[in-house]
Structure formats: structure tokens, C-alpha cells
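Q: As you go down the protein sequences, you meet chains A and B in turn. All residue numbers for the first sequence refer to this note's numbering, where the first residue is 1 and numbers rise by one. All residue numbers for the second sequence refer to this note's numbering, where the first residue is 215 and numbers rise by one. Yeah, the Cβ is synthetic: ideal placement off N, Cα and C, and Gly gets one too. Before I ask anything, here is the structure I am working with.
Number of protein chains: 2
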Amino acid sequence: MPERPPRRLQQRSVETREKLVEAALHEFAEKGFGGASTRAIATRAGVAQSAVPYHFETKDSLWKAAADHLFGLLRERFQARVVGLDGVGVRTKSRLLVRDFVLFAAAHPELHRFMLQEGTGRSERLEWLVEKHIRPTFEFLRGQMDELEADGAPAIGRPDHLHYVLIGAASTPYALAPEFELVTGEDPFAKEMVDAHVELILSLFFPEPRGERQ
Amino acid sequence: MPERPPRRLQQRSVETREKLVEAALHEFAEKGFGGASTRAIATRAGVAQSAVPYHFETKDSLWKAAADHLFGLLRERFQARVVGLDGVGVRTKSRLLVRDFVLFAAAHPELHRFMLQEGTGRSERLEWLVEKHIRPTFEFLRGQMDELEADGAPAIGRPDHLHYVLIGAASTPYALAPEFELVTGEDPFAKEMVDAHVELILSLFFPEPRGERQ
DNA sequence: GTCTATATTATGATAGAC
DNA sequence: GTCTATCATAATATAGAC
Numbered sequence: 001m002p003e004r005p006p007r008r009l010q011q012r013s014v015e016t017r018e019k020l021v022e023a024a025l026h027e028f029a030e031k032g033f034g035g036a037s038t039r040a041i042a043t044r045a046g047v048a049q050s051a052v053p054y055h056f057e058t059k060d061s062l063w064k065a066a067a068d069h070l071f072g073l074l075r076e077r078f079q080a081r082v083v084g085l086d087g088v089g090v091r092t093k094s095r096l097l098v099r100d101f102v103l104f105a106a107a108h109p110e111l112h113r114f115m116l117q118e119g120t121g122r123s124e125r126l127e128w129l130v131e132k133h134i135r136p137t138f139e140f141l142r143g144q145m146d147e148l149e150a151d152g153a154p155a156i157g158r159p160d161h162l163h164y165v166l167i168g169a170a171s172t173p174y175a176l177a178p179e180f181e182l183v184t185g186e187d188p189f190a191k192e193m194v195d196a197h198v199e200l201i202l203s204l205f206f207p208e209p210r211g212e213r214q
Numbered sequence: 215m216p217e218r219p220p221r222r223l224q225q226r227s228v229e230t231r232e233k234l235v236e237a238a239l240h241e242f243a244e245k246g247f248g249g250a251s252t253r254a255i256a257t258r259a260g261v262a263q264s265a266v267p268y269h270f271e272t273k274d275s276l277w278k279a280a281a282d283h284l285f286g287l288l289r290e291r292f293q294a295r296v297v298g299l300d301g302v303g304v305r306t307k308s309r310l311l312v313r314d315f316v317l318f319a320a321a322h323p324e325l326h327r328f329m330l331q332e333g334t335g336r337s338e339r340l341e342w343l344v345e346k347h348i349r350p351t352f353e354f355l356r357g358q359m360d361e362l363e364a365d366g367a368p369a370i371g372r373p374d375h376l377h378y379v380l381i382g383a384a385s386t387p388y389a390l391a392p393e394f395e396l397v398t399g400e401d402p403f404a405k406e407m408v409d410a411h412v413e414l415i416l417s418l419f420f421p422e423p424r425g426e427r428q
């Protein structure tokens with residue numbers, strides 16, 4: 001029998017786990033799995049290094065927890081959005097989803113950093129990530145593109161690499177923000193820069209005859 | 215006085231250095247600076263781990279040698295290309311340069327992997343990379359865009375993030391090839407996929423009235 | 001549940017044999 | 001010039017105090 005109320009103890013544990021996941025996300029995103037140390041993660045979270053194996057057994061499972069958290073945010077955002085857009089025209093819906101995707105990339109640069117770190121080499125982690133999180137996201141986008149095409153929009157490329165072209169174009173300024181800032185002297189996260197980026201992406205992927213505007 | 219001809223000895227040293235740089239390039243590109251170990255690099259190059267500090271003093275300077283090698287390839291390719299295109303119309307030249315850039319990204323996926331690994335977080339290495347290699351590349355592209363605009367082409371975005379949008383769109387399928395293959399089941403490096411990608415990028419960044427083709 | 005201390009392994013760099 | 005052996009340090013994971 002614990003002396004303190006179990007509720008409170010559990011609460012503390014949950015908070016530590018959350019702090020660790022959040023810290024891990026940023027460390028893994030910046031340095032990659034091998035480059036990030038559980039010490040640095042624990043320090044960033046403000047807890048002892050041994051809290052990592054205590055709460056997550058291994059570094060690997062902490063990494064998976066960070067990935068689950070990340071894609072949870074993404075799903076949350078887009079599921080609500082899709083529900084809210086029910087009944088809206090396909091083209092308008094697609095434009096708004098792409099806009100949302102850019103805004104999400106700007107708000108969560110860790111997402112693409114995290115994936116860039118894993119996608120450059122084969123590993124068990126990449127296979128896990130693809131099966132559990134990336135493929136469902138990919139299928140969702142593919143469905144959108146099929147709807148667009150069925151609606152009469154011209155296919156501007158194979159869904160396969162259009163997916164990666166869109167991701168690359170939309171997220172690179174945010175994923176590589178430190179480089180972007182050093183090279184251009186601009187802050188990619190500034191509101192006017194984000195707005196301009198949204199417009200650029202939309203004009204590239206949804207070209208329209210002059211004058212028309214949705 | 216060495217017993218063997220100095221020429222031959224030096225030759226061996228040069229070869230070992232080259233093997234190490236090549237191996238380092240791939241290891242750093244896949245795992246990042248912190249994730250790559252000098253042991254793995256040496257093993258990949260087929261030499262002893264101690265050959266790294268012998269030839270390059272530190273891991274850091276091996277990393278810089280790899281970066282110099284990488285951007286040397288890029289410069290070599292584009293300087294020759296620009297000379298060969300002297301006198302060609304601005305728009306045609308720009309299209310050909312973009313096409314070349316995509317082909318280079320497909321032929322050397324390590325280039326963007328290497329930069330993705332460093333561009334996601336602030337570090338002395340990133341500052342060095344920006345000043346020595348990235349900024350000159352950036353200025354070159356910016357010059358091309360200025361020429362295009364002076365020629366009457368509509369500006370499709372600020373050069374600042376258009377640069378990153380182009381890089382992201384052109385290179386992501388190759389930089390993330392392992393992920394691309396797992397998700398789509400396709401080989402992004404296959405000739406027909408590369409050709410399709412070139413066409414996709416050109417159609418996005420050089421939209422033209424139907425019927426016209428350069 | 002969290003911390004300090006520690007065991008074990010892996011890393012970057014050095015010394016000495018050949 | 002390159003390799004084997006080794007040192008010092010930093011890594012992950014475990015054990016025990018509180």
C-alpha cells in the first residue's frame with residue numbers, strides 16, 4: 001500500500017513521461033537516433049538520465065513513443081479538418097488541406113526533421129515508421145488526389161512522387177530553418193513569410209487561369 | 215630518406231584518404247555527424263579506425279573534407295554546364311539548369327542527405343557549411359532567377375524560399391529514397407521515374423500555355 | 001517515482017609494432 | 001603508411017538509496 005494517493009503518483013509519472021517524449025522529439029529530430037543521447041534528452045526534460053530506461057525500457061521505445069506522439073498531433077489536426085470540410089467541393093477542400101499541411105509544417109518543424117533523420121537510410125525503425133504511420137498518411141493523400149482527378153482536374157504527376165514533391169516543397173524551409181535563417185537572414189516562421197509560402201505552394205500545385213481565385 | 219619511392223607511398227596515402235572521404239560521405243549522410251562513428255567509416259573504407267585521426271586529425275575535419283568533396287562535384291558539374299550554355303536564352307538555360315539539378319540530385323542523393331543532417335539544428339558545422347558552400351550556391355541560383363525576371367518571366371515567389379521549395383521538391387524523392395521505396399514500392403532512381411520527376415518539376419516551376427514546349 | 005552511483009559497452013584519439 | 005593494442009571518455013542500462 002503506497003502512503004500517498006496513487007492518483008497523484010501516477011500523475012507525476014505521466015508528466016515525466018510527457019516531458020521525456022517532448023524532449024526526445026526535439027533531440028531525435030535535430031540529431032537523429034544515433035546522434036541523440038538519452039542523457040541530453042533527460043537533461044532537456046529536467047530529469048535524471050535513468051528516468052529514460054525506467055519509463056521506456058530502451059532508447060528505441062522512447063523513439064517510438066516520440067513518433068506516436070508526433071503523428072498523433074498530425075492525425076488529430078487533419079481528422080477534425082476533414083470532418084469540418086464535409087460537403088465542400090473537392091478542389092477547395094484539397095487547397096485547404098494543402099494550406100493546412102503547410103501551416104502544420106510551420107508549426108511543427110520537428111515532424112519533418114524527425115522523418116528526414118530516419119528516411120535517409122534503411123533501418124528497422126524506418127520500416128516500423130512506414131507501416132504504422134507514414135503509409136496511412138500516404139494513402140490519405142492519395143485518396144485526395146484520386147478525388148481531384150475524378151473531379152476533372154488534370155493529373156500533374158504520379159501520386160507516388162507528387163507526394164514527396166509536395167512534402168519537400170512545403171516543409172523544407174521549416175525543417176531546415178536554421179540553415180534558411182543563416183543563408184537568407186530571414187525568419188521562415190514569421191507570419192508574412194508563412195503566408196507567402198502558403199501562396200507559393202498553392203500557386204505551384206493549383207495553377208489557375210489568371211483572374212480566378214477560390 | 216625513405217627506402218621506397220616517395221611517389222608510390224604518397225599514392226597509397228592519397229587512395230586511403232579518398233576511400234575514407236567517400237565512406238565518410240555516405241555514413242554522415244545517413245546517420246548525421248553524431249550518429250556516424252569513425253569505426254563504421256573506417257570499416258566501410260576497408261582500413262583501420264586509427265587511419266581516420268592519422269589522415270584527418272579529427273572526426274570534424276574528416277566531415278569537412280567530405281563536404282568539400284561533395285560540393286566540389288556540384289561545382290564541377292554546373293560550372294561546365296554554364297559555360298556550355300553561354301549565349302542560350304535565359305528561360306531555356308534556366309530550364310536546363312533545373313533539369314541538371316534534378317539529375318544531379320538523383321545521381322548523388324548523399325548531397326541532400328548530408329545537408330539535411332546538418333540543416334536541422336544550429337552548429338558550428340552548419341555555419342561553416344553555409345559560409346563556404348551553401349551561400350555561393352544560393353547566390354548563383356539567385357542570379358539565375360534575377361536574369362529570368364529581367365527577361366520578363368513573372369516572379370513566382372521570393373527567391374529566398376523559392377530556393378528551398380525547389381531544393382525540397384527536386385531532391386526529396388532521392389534523399390528519402392529508402393522511405394520512398396518502402397512506401398510506394400517503386401525505385402525512384404529508375405530511369406523512367408527520374409524522367410517523370412524531371413518533367414514534374416519543370417511543369418511546376420515553368421508552367422507554360424498548353425501546346426508550347428521548349 | 002525519482003535520484004545517485006555504477007556496470008558495461010562503444011566511441012574518438014594515441015602509442016608502438018611492422 | 002598502415003595496422004594492433006590501448007587509453008580516456010561518453011554512451012545505455014542497471015542497482016540501490018530515499
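Report buried or exposed for residue 219 (chain A), applying the criterion of at least 16 other Cβ atoms within 10 angstroms of its Cβ.
A: In the structure as shown, chain A starts at 1 and stops at 214, and residue 219 (chain A) therefore has no counterpart that could be examined.
Q: What does the alpha-carbon distance come out to for the pair residue 409 (chain B) and residue 55 (chain A)?
A: Rounded to whole angstroms, residue 409 (chain B) to residue 55 (chain A) spans 49 angstroms at the Cα level.
Q: Report the neighbours of residue 340 (chain B) on chain A: residues whose CB is nearer than 9 angstroms to its CB, in chain order.
A: Within chain A, the residues near residue 340 (chain B) are 178, 179 and 182.
Q: At what residues does the alpha helix (DSSP H) containing residue 58 (chain A) begin and finish?
A: Neither: residue 58 (chain A) is in no alpha helix (DSSP H) and is coded neither H nor E.
Q: Counting only runs that start and end within the region 232-274 of chain B, where is the alpha helix (DSSP H) found for 4 or more residues in a row?
A: Segments of the alpha helix (DSSP H) lying fully in the region 232-274 of chain B: 252-259 and 265-270.
Q: Within a Cβ cutoff of 6 angstroms, which residues of the same chain sit near residue 362 (chain B), ignoring the five residues on either side of it in sequence?
A: Counting only Cβ-Cβ distances below 6 angstroms, and skipping sequence neighbours, we find 304 and 308.
Q: Taking any Cβ of chain B, which residues in the region 130-147 of chain A have a Cβ under 8 angstroms from it, in chain order?
A: Those residues of the region 130-147 of chain A that come within reach of chain B (Cβ to Cβ, closer than 8 angstroms) are 130, 134, 135 and 138.
Q: Within 8 angstroms of any Cβ in chain B, is that where the Cβ of residue 169 (chain A) sits?
A: Closer than 8 angstroms to some Cβ of chain B, the Cβ of residue 169 (chain A) qualifies, so yes.
Q: Jot down the residue ranges of each uninterrupted alpha helix (DSSP H) in the region 66-127 of chain A, minimum 4 residues, whole runs only, in chain order.
A: As far as the region 66-127 of chain A is concerned, its whole alpha helix (DSSP H) runs of at least 4 residues are 90-107 and 109-119.
Q: Which term fits residue 306 (chain B), buried or exposed, when burial requires 16 or more other beta carbons within 10 angstroms of its beta carbon?
A: Exposed, by the Cβ-count rule.
Q: Quick check on residue 31 (chain A): buried or exposed, where buried means 16 or more other Cβ atoms within 10 Å of its Cβ?
A: Its Cβ being crowded by 16 or more others within 10 Å, residue 31 (chain A) is buried.
Q: Counting only C-beta atoms, is residue 16 (chain A) closer than 8 angstroms to chain B at any point?
A: For residue 16 (chain A), the answer is no, since every Cβ of chain B falls outside 8 angstroms of its Cβ.
Q: When you check each C-beta in the region 54-87 of chain A against every C-beta of chain B, which residues fall closer than 8 angstroms?
A: Under the 8 angstroms Cβ criterion, the region 54-87 of chain A contributes no residue.
Q: Between the alpha carbons of residue 216 (chain B) and residue 257 (chain B), how many angstroms are there, rounded?
A: Residue confidence is low: residue 216 (chain B) scores 44 on pLDDT, short of 50, so the model does not pin down where it sits. No coordinate-derived value is stated.
Q: Hey, how far is the Cα of residue 412 (chain B) from the Cα of residue 70 (chain A)?
A: Rounded to whole angstroms, residue 412 (chain B) to residue 70 (chain A) spans 32 angstroms at the Cα level.
Q: Counting only Cβ pairs nearer than 8 angstroms, list the residues of chain A close to residue 322 (chain B).
A: In chain order: nothing, as chain A lies at least about 13 angstroms away.
Q: Which class does residue 160 (chain A) belong to by DSSP, given the choice of helix, strand or coil?
A: Residue state, collapsed to three classes: helix.
Q: Taking all protein chains shown into account, decide if residue 35 (chain A) is buried (16 or more other Cβ within 10 angstroms of its Cβ) or exposed.
A: With 16 or more other Cβ atoms within 10 Å, it is buried.
Q: Would the beta-carbon of residue 317 (chain B) fall within 8 angstroms of that of residue 157 (chain A)?
A: Cβ atoms of residue 317 (chain B) and residue 157 (chain A): not closer than 8 angstroms.
Q: Among A:79, A:97, A:76 and A:21, which has the Cα closest to the Cα of residue 66 (chain A)?
A: It is A:21 whose Cα lies nearest to the Cα of residue 66 (chain A).
Q: Nearest to residue 182 (chain A) by CA position, among B:342, B:422 and B:385, is which residue?
A: Considering only alpha carbons, the answer is B:342.
Q: Which one of A:155, A:188, A:97 and A:125 has the shortest CA to CA distance from residue 62 (chain A)?
A: Comparing Cα-Cα distances from residue 62 (chain A) to each of A:155, A:188, A:97 and A:125, the minimum goes to A:125.
Q: With 16 other CB atoms within 10 Å as the buried threshold, where does residue 324 (chain B) fall?
A: When all chains shown are included, residue 324 (chain B) counts as buried.
Q: Since residue 204 (chain A) meets chain B, which of its residues come closer than 9 angstroms, beta carbon to beta carbon?
A: Chain B residues near residue 204 (chain A): 370, 371, 379, 383, 418, 419 and 421.
Q: Roughly how far, in whole angstroms, is the beta-carbon of residue 19 (chain A) from the beta-carbon of residue 45 (chain A), given that I think they are within contact range, below 8 angstroms?
A: Confirmed, about 4 angstroms.
Q: How close, in whole Å, do the beta carbons of residue 389 (chain B) and residue 120 (chain A) come, if the pair is a contact with beta carbons under 8 angstroms?
A: About 6 angstroms separates the two Cβ atoms, so the contact holds.
Q: Is it true that the CB of residue 29 (chain A) sits closer than 8 angstroms to the CB of residue 41 (chain A)?
A: No, the Cβ-Cβ distance between residue 41 (chain A) and residue 29 (chain A) is not below 8 angstroms.
Q: Which same chain residues, not among the five before or five after residue 401 (chain B), have their C-beta less than 7 angstroms away from its C-beta?
A: These residues qualify, in order along the chain: 395 and 407.
Q: Here's a check: name, in chain order, each residue in its chain whose Cβ is nearer than 8 angstroms to the Cβ of residue 252 (chain B), leaving out the five neighbours to either side.
A: Hits under 8 angstroms: 263, 266, 267, 273 and 276.
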